[in-house]
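Below is one structure, written out as structure tokens; comments come after it.
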Amino acid sequence: MDEDRIRWDRRYARASTASPQVPVALADRPDLVDALPRAGRALDIAAGTGATALWFARRGLDVCALEISERAVELLERSAAGAGVAHRLEVRWVDLDAGLPADLHDLDVVICQRFRDVGLYPAIVDALAPGGIGIVTVLSSVGRPGPPGTFQARPGELLQAFDRPETELLHHAENDGLASAVFRRVGR
Numbered sequence: 103m104d105e106d107r108i109r110w111d112r113r114y115a116r117a118s119t120a121s122p123q124v125p126v127a128l129a130d131r132p133d134l135v136d137a138l139p140r141a142g143r144a145l146d147i148a149a150g151t152g153a154t155a156l157w158f159a160r161r162g163l164d165v166c167a168l169e170i171s172e173r174a175v176e177l178l179e180r181s182a183a184g185a186g187v188a189h190r191l192e193v194r195w196v197d198l199d200a201g202l203p204a205d206l207h208d209l210d211v212v213i214c215q216r217f218r219d220v221g222l223y224p225a226i227v228d229a230l231a232p233g234g235i236g237i238v239t240v241l242s243s244v245g246r247p248g249p250p251g252t253f254q255a256r257p258g259e260l261l262q263a264f265d266r267p268e269t270e271l272l273h274h275a276e277n278d279g280l281a282s283a284v285f286r287r288v289g290r
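Take any residue in the sequence shown, count from 1 to its spot, add 102: that is its number in our numbering.
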């Protein structure tokens with residue numbers, strides 16, 4: 103944990119506060135943005151400085167943001183106060199190598215952007231309430247030259263992970279070094 107925390111604290115050392123930002127997978131999909139709830143509970147996994155957590159909080163959801171970097175947590179809390187949504191945000195400093203916290207379940211939205219841990223894929227689905235929406239975007243080997251890197255998804259990885267009997271796939275894309283899946287939980 104300390105190694106990851108130190109690495110990410112260094113990365114965020116020069117970062118500034120974040121502005122609310124629509125999830126990457128939905129940037130060109132207003133139909134999917136319209137399908138997202140305007141109330142309820144959301145989880146932002148590996149939230150970084152919190153641009154997406156802030157976007158969901160401004161939309162009206164109560165957001166739990168998970169992050170390992172103490173520096174990013176500080177910036178996220180400052181950004182939430184500046185955006186007037188601190189009351190809608192719970193920020194937790196966690197090591198995701200241990201999985202998702204057990205108390206996070208029956209969520210309306212779970213988002214994970216640019217953090218790839220294939221071991222978390224089933225937990226993301228399990229954390230959703232029936233009808234809940236999952237949004238996952240990871241670095242991908244598709245559309246990038248050379249062999250896949252450690253943190254890059256293989257072709258079809260998100261389809262395999264999230265096109266399951268208990269999910270309805272709403273959107274999938276793989277190009278330009280990113281892979282995204284947007285899905286709805288349809289059963290327990």
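Every residue gets a Cβ at the ideal spot worked out from N, C-alpha and C, and that includes glycine.
Contact set for residue i: own chain, Cβ-Cβ below 8 Å, skip 5 residues either direction
i, result
"proline 295", "The shown model of the chain, from 103 to 290, leaves out residue 295, and the question about it has no answer."
"alanine 137", "Ile235 and Leu272"
Same chain, Cβ closer than 7 Å to residue i, neighbours up to 5 away in sequence not counted
i, result
"glutamine 123", "Ala153, Thr154 and Trp157"
"valine 187", "Leu156, Ala159 and Arg160"
"phenylalanine 253", "Arg218 and Leu241"
"valine 135", "Val124 and Leu128"
Residue closest to residue i, alpha-carbon to alpha-carbon, out of the options
i, options, result
"valine 288", "Ala231, Leu260, Gln262 and Leu280", "Ala231"
"glutamate 276", "Ala263, Ala255, Glu179 and Glu268", "Ala255"
"phenylalanine 295", "Leu198, Pro247, Phe285 and Arg180", "Past the edges of the chain, shown from 103 to 290, lies residue 295, and the structure says nothing about it."
"aspartate 197", "Ile147, Ala137 and Val220", "Ile147"
"proline 257", "Pro224, Thr269, Val165 and Val244", "Val244"
"alanine 144", "Ser171, Val165 and Arg180", "Val165"
"arginine 246", "Leu280, His273 and Leu202", "Leu280"
"alanine 185", "Pro203, Arg160 and Arg194", "Arg160"
"alanine 225", "Leu202, Leu134 and His274", "Leu202"
"leucine 222", "Ala188, Ser242 and Leu260", "Leu260"
"proline 139", "Trp195, Asp133 and Leu163", "Leu163"
"aspartate 104", "Ala204, Asp130 and Ser171", "Ser171"
Residue environment, residue i, which counts as buried when at least 16 other CB atoms sit within 10 Å
i, result
"alanine 200", "exposed"
"alanine 141", "exposed"
"glutamate 169", "buried"
"valine 220", "exposed"
"glycine 150", "buried"
"threonine 269", "buried"
"arginine 190", "buried"
"alanine 229", "buried"
"phenylalanine 217", "buried"
"alanine 167", "buried"
Cβ shell of residue i (< 6 Å), same chain only, five flanking positions each side left out
i, result
"glycine 234", "Leu209, Asp210 and Arg287"
"glutamate 179", "Val193"
"serine 282", "Ala127, Thr239 and Ala275"
"alanine 291", "What is shown of the chain runs 103 to 290, which leaves residue 291 out entirely."
Any non-hydrogen atom of the ligand GDP within 6 Å of residue i CB
i, result
"glutamate 270", "As for the ligand GDP, it is missing from this structure, which has no ligand bound."
Residue i - partner residues in DSSP beta bridges
i, result
"serine 242", "Ala255"
"aspartate 146", "Ala167 and Ile213"
"serine 181", "Partner(s): none; serine 181 has no beta bridge."
"leucine 280", "Leu241 and Asn277"
"tryptophan 195", "Glu169"
"isoleucine 235", "Val211 and Arg286"
"leucine 271", "Phe285"
"leucine 230", "Leu209"
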